[in-house]
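To start, the structure itself, in structure tokens.
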Amino acid sequence: MCSKEILFSILALLFSYHISKSQRIVNANLPYYDERLLHYGFFMAGNYATFNIKRSQFFVDDTTMLAVNPRGTPGFTLGFVVNLRLEQFFDLRLLPAAGFYLREVTYKFENNDPTKDSIQVESIESTYIELPLLLKYKSTRRANTRMYLIGGIKPAIEVGTRKAKIGEDRLLTRNIDVALDYGFGIDLYFPMFKFSPEIRFSYGIINLLKPSDNILSNSIDKLRTNTFTILFIFE
Numbered sequence: 160m161c162s163k164e165i166l167f168s169i170l171a172l173l174f175s176y177h178i179s180k181s182q183r184i185v186n187a188n189l190p191y192y193d194e195r196l197l198h199y200g201f202f203m204a205g206n207y208a209t210f211n212i213k214r215s216q217f218f219v220d221d222t223t224m225l226a227v228n229p230r231g232t233p234g235f236t237l238g239f240v241v242n243l244r245l246e247q248f249f250d251l252r253l254l255p256a257a258g259f260y261l262r263e264v265t266y267k268f269e270n271n272d273p274t275k276d277s278i279q280v281e282s283i284e285s286t287y288i289e290l291p292l293l294l295k296y297k298s299t300r301r302a303n304t305r306m307y308l309i310g311g312i313k314p315a316i317e318v319g320t321r322k323a324k325i326g327e328d329r330l331l332t333r334n335i336d337v338a339l340d341y342g343f344g345i346d347l348y349f350p351m352f353k354f355s356p357e358i359r360f361s362y363g364i365i366n367l368l369k370p371s372d373n374i375l376s377n378s379i380d381k382l383r384t385n386t387f388t389i390l391f392i393f394e
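If you count the sequence shown from 1, position 68 lands on 227 in my numbering, and the numbers rise without skipping.
Shown next, in the form of structure tokens:
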């Protein structure tokens, strides 16, 4: 085969590759969506929230208390998405949201009186305004799907909670939290929008325990949030 024939064969292959690639782009949904500098959306999420508890020396020494355990309960979160494209595979995402949580702590006491309940449950109902700032790493897009990883920091401030009455022995918590978030998801491209189911884990790094001179608070040394969330994101 002469050099002209080799050159012609290479050019033919490159041309056919360009045509097939162009066809794939044309046939894909929202082919240039991820090239936008900014895009927006909203999300709905279900969460399962609990506390991560470190028991105190008071709990170890006390002879009337047998156990202190967290108990998780479901909640939900609603929010918006602001996405900034950094480069081909990285985005910076701000997801302001309102999160509704119910976390419980169960106390078990030694009780020799069968007429009295030996279990006491402290319920902490909270509404948080959250401002997660997350870095999104995207895989190469395959047709109308793309996998991704996500991680970052989530500051939150409590705007609604059930406050303990004066004089009551209750478990009290602070109203500011900061958590580390990470997770994964998949982008699904449709003709009019992008839908992204996502799983995210959140671990609080601030001790939320508000010191109070009662047996419930004294039995705990550190109280941190722990949340599992399934998100449904529309952009």
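By construction, the Cβ of each residue, glycine as well, lies at the ideal position given by its N, Cα and C atoms.
Here the structure is a predicted model, which means the values were calculated and not measured.
Residue i versus the options, residue with shortest Cα-Cα distance
i, options, result
"methionine 224", "Val240, Leu339, Arg214 and Arg230", "Arg214"
"arginine 195", "Ser285, Phe360, Phe249 and Lys381", "Phe249"
"leucine 189", "Pro229, Arg329 and Leu347", "Leu347"
"isoleucine 221", "Leu294, Leu243, Tyr266 and Leu390", "The sequence shown places aspartate at residue 221, not isoleucine. Looking at the Cα atoms, Tyr266 is the closest of the given residues."
"asparagine 366", "Pro350, Met306, Gln216 and Asp336", "Asp336"
"tyrosine 207", "Arg305, Asn334 and Phe360", "Phe360"
"tyrosine 191", "Arg230, Ser355, Thr384 and Met351", "Met351"
"isoleucine 345", "Gln216, Ser298, Leu293 and Tyr260", "Ser298"
Nearest-angstrom Cα separation, counted from residue j out to residue i
i, j, result
"glycine 205", "asparagine 303", "25 Å"
"threonine 232", "asparagine 186", "44 Å"
"alanine 226", "valine 241", "44 Å"
"isoleucine 379", "arginine 329", "12 Å"
"phenylalanine 201", "arginine 252", "12 Å"
"serine 376", "lysine 369", "8 Å"
"phenylalanine 349", "glycine 310", "25 Å"
"aspartate 193", "tyrosine 307", "13 Å"
"serine 179", "glutamine 247", "The predicted position of serine 179 is uncertain, since its pLDDT is 43 and thus under 50; no value can be drawn from it."
"phenylalanine 343", "lysine 295", "9 Å"
"phenylalanine 218", "threonine 386", "25 Å"
"isoleucine 364", "glycine 258", "18 Å"
"arginine 300", "arginine 244", "15 Å"
"asparagine 334", "glutamate 317", "5 Å"
Inter-residue CB distance, residue i and residue j (contact presumed, cutoff 8 Å)
i, j, result
"leucine 382", "tyrosine 362", "That belief does not hold up - the Cβ atoms of leucine 382 and tyrosine 362 are roughly 13 Å apart, past 8 Å."
"glutamate 263", "serine 282", "5 Å"
"serine 285", "leucine 331", "Wrong, their Cβ atoms sit about 12 Å apart, outside the cutoff."
"alanine 315", "glutamate 289", "4 Å"
Coarse secondary structure for residue i, derived from DSSP in three states
i, result
"glutamate 194", "helix"
"asparagine 228", "strand"
"phenylalanine 217", "helix"
"serine 376", "helix"
"asparagine 334", "coil"
Own chain partners of residue i with C-beta closer than 8 Å, once the 5 adjacent residues on each side are dropped
i, result
"methionine 203", "Phe235, Thr236, Leu237, Leu390 and Phe391"
Proximal residues to residue i (C-beta, below 6 Å), its chain only, five neighbours per side dropped
i, result
"asparagine 373", "Asp328"
"leucine 254", "Gly238, Val240 and Pro291"
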